[in-house]
Structures are given as C-alpha cells and as structure tokens.
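Protein chains: 2
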Amino acid sequence: MGNKFEEKTISTTQIFNGKIVQLQIDDVTLPDGNTSKREIIKHPGAVAVIAVTDTNKLLMVEQYRKPLNKSIMEIPAGKLEPGEEPVITAKRELEEETGYTTKTLEYVTSFYTTPGFSNELLYVYFTDELTRLEEKKQLDEDEFVAVHEISLSEAEKLLTEQEIHDAKTAYALLYVKERINERG
Amino acid sequence: MGNKFEEKTISTTQIFNGKIVQLQIDDVTLPDGNTSKREIIKHPGAVAVIAVTDTNKLLMVEQYRKPLNKSIMEIPAGKLEPGEEPVITAKRELEEETGYTTKTLEYVTSFYTTPGFSNELLYVYFTDELTRLEEKKQLDEDEFVAVHEISLSEAEKLLTEQEIHDAKTAYALLYVKERINERG
Numbered sequence: 047m048g049n050k051f052e053e054k055t056i057s058t059t060q061i062f063n064g065k066i067v068q069l070q071i072d073d074v075t076l077p078d079g080n081t082s083k084r085e086i087i088k089h090p091g092a093v094a095v096i097a098v099t100d101t102n103k104l105l106m107v108e109q110y111r112k113p114l115n116k117s118i119m120e121i122p123a124g125k126l127e128p129g130e131e132p133v134i135t136a137k138r139e140l141e142e143e144t145g146y147t148t149k150t151l152e153y154v155t156s157f158y159t160t161p162g163f164s165n166e167l168l169y170v171y172f173t174d175e176l177t178r179l180e181e182k183k184q185l186d187e188d189e190f191v192a193v194h195e196i197s198l199s200e201a202e203k204l205l206t207e208q209e210i211h212d213a214k215t216a217y218a219l220l221y222v223k224e225r226i227n228e229r230g
Numbered sequence: 047m048g049n050k051f052e053e054k055t056i057s058t059t060q061i062f063n064g065k066i067v068q069l070q071i072d073d074v075t076l077p078d079g080n081t082s083k084r085e086i087i088k089h090p091g092a093v094a095v096i097a098v099t100d101t102n103k104l105l106m107v108e109q110y111r112k113p114l115n116k117s118i119m120e121i122p123a124g125k126l127e128p129g130e131e132p133v134i135t136a137k138r139e140l141e142e143e144t145g146y147t148t149k150t151l152e153y154v155t156s157f158y159t160t161p162g163f164s165n166e167l168l169y170v171y172f173t174d175e176l177t178r179l180e181e182k183k184q185l186d187e188d189e190f191v192a193v194h195e196i197s198l199s200e201a202e203k204l205l206t207e208q209e210i211h212d213a214k215t216a217y218a219l220l221y222v223k224e225r226i227n228e229r230g
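Sequences listed follow chains A and B, in order. The first sequence begins at 47 in our numbering and counts up one residue at a time. The second sequence begins at 47 in our numbering and counts up one residue at a time.
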C-alpha cells in the first residue's frame, strides 16, 4: 500500500521497554505541515490457530486475562519469538496450549489487531487434521489454561454471553461458518 | 464469565499516562502462588461501523497508521469519549470520517482487540441505511482520511494485497458475506 497522508518522524522518544511491549512517542509532521505526537506500542507479533476436531468442535482455551480482570475463551494463540516463522509458532502454541498437534496448518490471513496505537500483527492458521499428543507439552511458567472443545452453536452462545469476547475468536467463528457454507 | 486462574493484584505501577493509552505494570499472584508481572495498556475503548451503501458497497476509510508506517483501508472507527454511549460515538465517527449519516445503527457485537496486553474494547455496529450529509463534518485536527466505496469482491482483493490489513475490517468482510448468505 501507499503512503497517502504520510506522517514523517521528527523524533522518537523511548518510554518503556518491557517483556512484551515497548512504548514510544513519535513526534511527526502531518500532511498539512503541522506537527503531532503519536503513542506507539511495539509488539513482536502473534499467531492464532483455528483448530477443528474430527467431531467438528473448535479447540478453545480458557485463560485469565489480567488487562480485563476476567477469564475468557479464546482460540489458541501466542506471541512470536524473535526470528521464528509464524507457522512454527502456531504449531508450538497449538501443542502447548491444547495437547493436540497437526501436520497441516493452512494460512488463513494476517491482520493488525489495533493499527491505531500498536504494530501487533496476528497471523491466523486453520487446521482440521488434529492428533492428540501422547505427552502434554509444558506451558510457560506464568501461563495457566483450560482446554475446551466447543461446537459452533455452543460457541455462538458463549459469544452472546461475552465468555468469548475477543477479536480473533469472533473472527474465527465467522470464518468457520463461512467455510462450512462454501464447502458444505 | 468466571475468574478461573485469577491473578490477584499485589501492586500497580503507573508508567505512562498519554493522550490515548496508559501503561501500567501489575505485580500479580499466579494460581500456583508464584508471582509475575503483567504489562497492561489501558485504552478508553472504541467503535467501528460496518456501513453498506444502497449499491451494496462498503464505506472504507484510507488512513496513515504511524505504528505501521503505512496507509491502510479500514471501516470507519474511532475512540470513545469518556462517558459517551458507544452508539453515539459510532454515529459521530461515521459522519466525520465518511460524510454519511444514518438513523439506524444495529449493534453487531463487541470484542477486546488484544486481551493479552490491553483492555481496548471495540463495539461494532452495522447500517445499510445511509444518507449523505449536506455539509461535511470536521475531522480531528490531526486526522487525515480518504473515503472509498468498495464492493465485497474489491474488498477481498484488497485483503489479499494487504491494503485491508486490520482485524475489525477482516471481521467486517466476513460479517457482510455471512449476512448476505443468511438473508439473501
């Protein structure tokens, strides 16, 4: 894409360099020549996996999300490690979070989650060829999740009840419905 | 939803209080009794509008996104003002960004955009009853956008070309397809 209405950087001020996010303020020149400040969260990027079992259920992970102060149900997902191919991360996160693995991860799409203030890019994969791992993999030491297998109609109920309440999982539900419509 | 795997706050450290985001670090107690730190971006929340014209085109806004250093095409959207009803924000953003207005904004869903590190909640509305404003409203002084009316097939091409490249707009495309499937 082009650079229409480009905002040129005058200077960048680093505010915070954390384990997950970095925060910086960019002073920019606007298209009309005026200046403004942009608050920017740098993020390493992430992956998510739309995983459908042989009984047509979606693999979901229940997880406490401190920013929301509640637990929600999400499709398996995780942050990219530096230099790691997204499809490798996707397989690892699927294995660690759900106890399933797959040989086929189909690339669905990628999108920025919040382009207004962050550069987090999310890569989305699909699989319906799952096999259960004999031995469960280790989660990160600060990660606690419960795995659920959820039908599309149950998932739509959870969406109404806001137990499913995040963008990638809302996207996944529409994607699976659309895929069923198209492929029967 | 419940508080499964709840992480209790031990202390909160404010790092940054900006125009759009606030950053804090929470020290938390994990379910196993260990402690960890959570990097949390507080955001006022936002709205987005899936707006379909009488010729079945989607209203899209082309906008430079400094965190990405590129321009992308998105459905109209904007931040909530403190205390403002999301549906009021949605109407205002539609008017300011596209030059159209509507009397009917149908609530579609809401979701957290990035529950892993931010509490940004996005409210999504739909309308296919648009009327053009006689006089265009003023954008924010640091906001520059170009409006486009895009068919679903054009939008899918832009998605492949990553000119559409954000979560809410990817969701909107699936939503409109699904709505056409269901209602004909």
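All residues carry an ideal CB built from backbone N, CA and C; glycine is no exception. It should be emphasised that the depicted structure is a prediction, and the values quoted were computed from it without experimental measurement.
Taking C-beta atoms as the reference points, LYS214/A and LEU198/A fail to come closer than 8 Å. Closest in C-alpha terms to PHE163/B, from the list THR58/A, ASP212/A, PHE51/A and LEU105/A, comes ASP212/A. Within the DSSP bridge table, the entry for LYS183/A names no partner.
At the C-beta level, THR55/A and ASP72/A come within 8 Å of one another.
A residue is called buried when at least 16 other Cβ atoms come within 10 angstroms of its Cβ; TYR153/A does not meet this threshold and is exposed.
Around LEU104/B, no beta-carbon contact reaches into chain A at under 8 Å, the shortest distance being about 15 Å. In the structure shown, VAL74/B falls within a strand segment according to DSSP collapsed to helix, strand and coil. Between GLU108/A and chain B, the shortest Cβ-Cβ separation is below 8 Å. Against ARG84/A, the close residues of chain B are LYS112, in the order they occur along the chain (beta-carbon pairs closer than 7 Å).
GLY91/B counts as buried, since at least 16 other C-beta atoms from the protein chains shown sit within 10 angstroms of its C-beta.
Assignment of LYS103/B by DSSP, reduced to helix, strand and coil, places it in the coil class. DSSP places LYS125/A in the strand class (E or B) of the three-state scheme. Contact between the stretch 167-186 of chain A and the stretch 134-154 of chain A is established, with three or more Cβ pairs separated by less than 8 Å. About 5 Å separates the Cβ atoms of THR150/A and GLU175/A, confirming a contact at the 8 Å cut-off.
Between the C-alpha atoms of GLU200/A and GLU108/B there is a straight-line separation of about 37 Å. By DSSP's assignment, ASP188/B forms no beta bridge with any residue. Of all residues in the stretch 169-183 of chain A, only VAL170 place a beta-carbon less than 9 Å from a beta-carbon of chain B.
DSSP links ILE66/B through a beta bridge to no other residue. If you look at GLU143/A, you'll find it in the alpha helix (DSSP H) that goes 132-144.
By the criterion of at least three beta-carbon pairs nearer than 8 Å, the stretch 102-122 of chain A is not in contact with the stretch 83-90 of chain A.
Minimum Cα-Cα distance from ILE96/B among the listed residues GLY124/B, LYS116/B, ASP78/B and ASN115/B corresponds to GLY124/B. Looking at the backbone, the Cα of GLU141/A and that of PHE190/B are separated by about 44 Å.
Beta-bridge pairing by DSSP links ALA92/A to LYS125/A and LEU168/A. DSSP, read as helix, strand or coil, puts ILE226/B in helix.
Against chain A, a Cβ distance below 9 Å from PRO77/B picks out TYR110 and PHE190. The DSSP-derived three-state label of LYS83/A is strand. The beta carbon of ALA216/A sits closer than 8 Å to some beta carbon of chain B.
For LEU76/B, the CB contacts under 7 Å within the same chain, skipping 5 residues up- and downstream, are GLU53 and SER82 in chain order. Ranked by Cα distance from THR58/A, the first of GLN68/A, PHE51/A and LYS50/A is GLN68/A.
Of all residues in the stretch 147-172 of chain A, the ones placed with a Cβ closer than 9 Å to any Cβ belonging to chain B are THR155, SER156, PHE157, TYR158, THR159, THR160, PRO161, GLY162, PHE163, SER164, ASN165, GLU166, LEU167, LEU168 and VAL170, in chain order. Contacts between GLY64/A and chain B, judged by CB atoms closer than 7 Å, involve GLU85 in chain order.
Taking C-beta atoms as the reference points, TYR146/A and LEU179/A count as a pair closer than 8 Å. In chain order, ILE96 and VAL154 place their CB closer than 7 Å to the CB of TYR221/B, counting only its own chain and leaving out the 5 sequence neighbours on each side. Sorting ILE226/B, ILE210/B, TYR158/B and ALA192/B by C-alpha distance to the C-alpha of SER117/A places TYR158/B at the top.
For a Cβ distance threshold of 9 Å, nothing in chain A lies close to HIS194/B: the least Cβ distance comes to about 11 Å.
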